[in-house]
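There are 2 protein chains.
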Amino acid sequence: MVKFSKKIEYSLIALRYIAGAKDEVITAKEISNKYNIPHELLAKILQKLKKENILSSNQGVNGGYKLSKPLNEISLSELIDKIEGKTAIVECLHTDNVSECFISDSCSIKDPINKMQIELENLLKTKMVSDFI
Amino acid sequence: MVKFSKKIEYSLIALRYIAGAKDEVITAKEISNKYNIPHELLAKILQKLKKENILSSNQGVNGGYKLSKPLNEISLSELIDKIEGKTAIVECLHTDNVSECFISDSCSIKDPINKMQIELENLLKTKMVSDFI
DNA sequence: TTTAAATACGACTATATTAGTCCAGTTTTA
DNA sequence: TAAAACTGGACTAATATAGTCGTATTTAAA
Ligand code: SF4
Ligand code: SF4
Chain C
5 MVKFSKKIEY
15 SLIALRYIAG
25 AKDEVITAKE
35 ISNKYNIPHE
45 LLAKILQKLK
55 KENILSSNQG
65 VNGGYKLSKP
75 LNEISLSELI
85 DKIEGKTAIV
95 ECLHTDNVSE
105 CFISDSCSIK
115 DPINKMQIEL
125 ENLLKTKMVS
135 DFI
Chain R
5 MVKFSKKIEY
15 SLIALRYIAG
25 AKDEVITAKE
35 ISNKYNIPHE
45 LLAKILQKLK
55 KENILSSNQG
65 VNGGYKLSKP
75 LNEISLSELI
85 DKIEGKTAIV
95 ECLHTDNVSE
105 CFISDSCSIK
115 DPINKMQIEL
125 ENLLKTKMVS
135 DFI
């Protein structure tokens, strides 16, 4: 029910490492070597973080990634939404999604579940990536 | 990252229904009909809830389930643990489990993740099943 | 005493999600 | 021009969730 995906864990490890490093830019390889994270997978994640404006990158030899903003300005909520895509705790609360729960009409717990979702979101919003250091 | 499983949703719907019904006992069929929940699946869930002492049951004709304790004494945390089995938000925090994350030795985020887990658990412990009404 | 309605249990299949791999680019510096 | 790095998409593998099936047992009532 509540579980971090590896993508999120790898993101946190990588962001933390990049934030703490002295070098101007950090390569995916350096991080994947240091933490035994599968290189191709980590590369994908960093690319995504770049696309989402959490990282910026230089290509070519001596290229790599650096932070676009400090870690205390990135909430866990934001990170999750950007890495995994915005999700809801139950089917019927997805906004963008077309799939509909076949119980929906008769469902008796929608409202309280909705409130629960908000409480969880609030917790995730107040947790900053910088808190994972 | 945070998602209710159908088993939990069905549990909540069923518990709520059983708590609100006047009849002495409620059958799995009655609930599955009313809410379009797959009967066999719901039956499994109710059996599990019985085994975990949240429900008690009578077999045979006119049999069914009733609550073993009031809903305000069952936390969401307890329900999840009993239905899905005790889980942790990351591999390395599982107590019973033997599987080990291959990053574990070098992992830099174990401690803060651990704290996060405790915060989430606290939220789930304070939410009672009776709050889902 | 037979039948039907119900729980009980375990194995099985199907589907969805997550994790990880592969390959063929492009960019940049030495 | 070669090597080091990012870029991007398709692919496969592994795992977890959701749902099904078959068979047995219990029990009240006809
Ligand atoms: S309608 Fe009810 S059962 Fe279906 S996804 Fe929403 S909360 Fe869950
Ligand atoms: S060791 Fe680190 S990466 Fe591995 S499961 Fe624990 S927190 Fe996640």
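If you read the protein sequences in the order shown, they are chains C and R. Each residue of the first sequence is one higher than the one before, starting from 5 at the first, in this note's numbering. Each residue of the second sequence is one higher than the one before, starting from 5 at the first, in this note's numbering. All residues carry an ideal CB built from backbone N, CA and C; glycine is no exception.
Within chain C, no residue has its CB atom less than 7 Å from the CB of residue 61 (chain R), the nearest being about 22 Å off.
Per DSSP, the continuous beta strand (DSSP E) segment holding residue 70 (chain C) begins and ends at 68–71. Counting other Cβ atoms within 10 Å of its Cβ, residue 24 (chain R) stays below 16 and is therefore classed as exposed. Within the segment 10–41 of chain R, the residues whose Cβ lies closer than 8 Å to some Cβ of chain C are 12, 13, 16, 17, 20, 21, 38, 39, 40 and 41, listed in chain order.
With a cut-off of 8 Å on Cβ pairs, the segment 58–77 of chain C is not in contact with the segment 104–124 of chain C, counting fewer than three such pairs. A direct Cα-Cα distance of roughly 25 Å separates residue 99 (chain R) from residue 15 (chain R).
In the structure shown, the three-state DSSP call for residue 79 (chain R) is strand. Cβ neighbours of residue 108 (chain C) within its own chain (closer than 7 Å, five residues either side excluded): 96. Close partners of residue 137 (chain C) in chain R (Cβ separation under 7 Å): 116.
Residue environment analysis places residue 65 (chain C) among the exposed positions, since fewer than 16 neighbouring C-beta atoms fall within 10 angstroms of its C-beta.
Taking all protein chains in view, the Cβ of residue 122 (chain C) is surrounded by fewer than 16 other Cβ atoms within 10 Å, so the residue is classified as exposed.
For residue 132 (chain R), none of the residues of chain C pass the 8 Å Cβ criterion, the least Cβ distance being about 11 Å.
Within a 10 Å sphere around the beta-carbon of residue 13 (chain R) sit 16 or more other beta-carbons, which makes this residue buried. Remark: C-beta atoms of residue 80 (chain R) and residue 11 (chain R) do not approach each other more closely than 8 Å.
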